[in-house]
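Numbering (UniProt numbering), first residue to last: 1 to 320.
The structure is reproduced here in structure tokens:
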């Protein structure tokens, strides 16, 4: 007598949102902690060395993933995209590590929230996506919030603040390349081979500023690698539990975590203008994320199904 498969229980959307939100909040806490660890590691070796070891440890810890990858993999088919992804991710990581090592954590995180704004602009330029008036308005409001944080003409705009903005731009560029790659390869393939590409890329500049760390430096570097992997696991669980558009707003819990860690470990009292500007940026980014998710769920012309479309590849903070 054949055994009938037991139907899976329906997923409770409310519970999925809670679980996904909790995983995302935990990931944000780890990312804020990672920023503090990067700062401590940068006191022992140059930030470019920290970038190299972050990538090296990432490759080592992802070796168990090999059994899930299609092997042999014809890397030559998309070497241009992997090269672009590796280069932009390296630039994003390098500028981010420099930013968190030199400016208050809350300022760096607040400016990093411009990532969805840059991603929308680049999607128009690189992918030819259509952006209508409401999203252009949200973009303008978001960049106005950036000016509130920076206050050019009233305070000195440091190299660290410029690096934080550059990091968001490079992260957005990396996200655009992922959108192109996702049409052919899965997340595991993209993540593994991108790290393979980033490791030698990051070694070249690190070699020019190389100094061997002491025992304390090695400890911080190992913590950076371990915390980054844990954060990625938490992020993966968040996106597996609930739709991207549902969990992305929880990404903004990075700011209160950064404020608490900066205050507790570095005596950094957040500037009120930073909090005001961050609130404006967050509001704009949440609107853009929700709007894109709503548009992506609409059936295109010629579709006879009303099923929602899959989420776009998410824009995350993985390049950290």
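All C-beta atoms in this analysis are idealised placements derived from N, C-alpha and C, irrespective of residue type, glycine included.
| Query | Result |
| --- | --- |
| Exposed or buried, what is residue 37 when buried is set at 16 or more other beta-carbons lying within 10 Å of its beta-carbon? | buried |
| How many Å lie between residue 175 and residue 211 at the Cα? | 32 Å |
| Which class does residue 199 belong to by DSSP, given the choice of helix, strand or coil? | helix |
| If we count the other Cβ atoms within 10 Å of its Cβ and call it buried at 16 or more, is residue 136 buried or exposed? | exposed |
| Would you call residue 214 buried or exposed, if buried means 16 or more other Cβ atoms sit within 10 Å of its Cβ? | exposed |
| Can you tell me which of the three DSSP states residue 279 falls into? | helix |
| Using the C-alpha atoms, what's the distance from residue 252 back to residue 111? | 12 Å |
| Note down the Cα distance separating residue 192 from residue 108, rounded to an integer number of angstroms. | 27 Å |
| For residue 155, name the three-state secondary structure that DSSP assigns. | strand |
| Are the C-beta of residue 238 and some C-beta of chain C separated by less than 8 Å? | Among the chains of the structure shown, chain C does not appear; only one protein chain is present. |
| In chain order, what residues of the same chain have a beta carbon less than 6 Å from the beta carbon of residue 46, not counting five sequence neighbours either side? | 209 |
| Would the stretch 159–166 and the stretch 94–109 be scored as touching if the rule is three or more Cβ pairs under 8 Å? | yes |
| Assuming contact is defined by CB atoms lying nearer than 8 Å, are residue 24 and residue 247 in contact in what I supplied? | yes |
| Could you pull out every residue in the same chain whose Cβ sits closer than 6 Å to the Cβ of residue 205, ignoring the five residues on either side in sequence? | 48 |
| Taking only the alpha-carbon atoms, compute the straight-line gap between residue 277 and residue 34 and give it to the nearest angstrom. | 23 Å |
| So, with DSSP's three-state summary, where would you put residue 23? | helix |
| Within this structure, are the beta carbons of residue 142 and residue 280 separated by less than 8 Å? | yes |
| Is the beta carbon of residue 195 closer than 8 Å to that of residue 51? | no |
| Which runs of the alpha helix (DSSP H) at least 4 residues long sit entirely within the stretch 90–117? Give them in chain order. | 105–112 |
| Less than 7 Å between C-beta atoms, sequence neighbours within five positions excluded: which residues of the same chain meet that for residue 126? | 176 |
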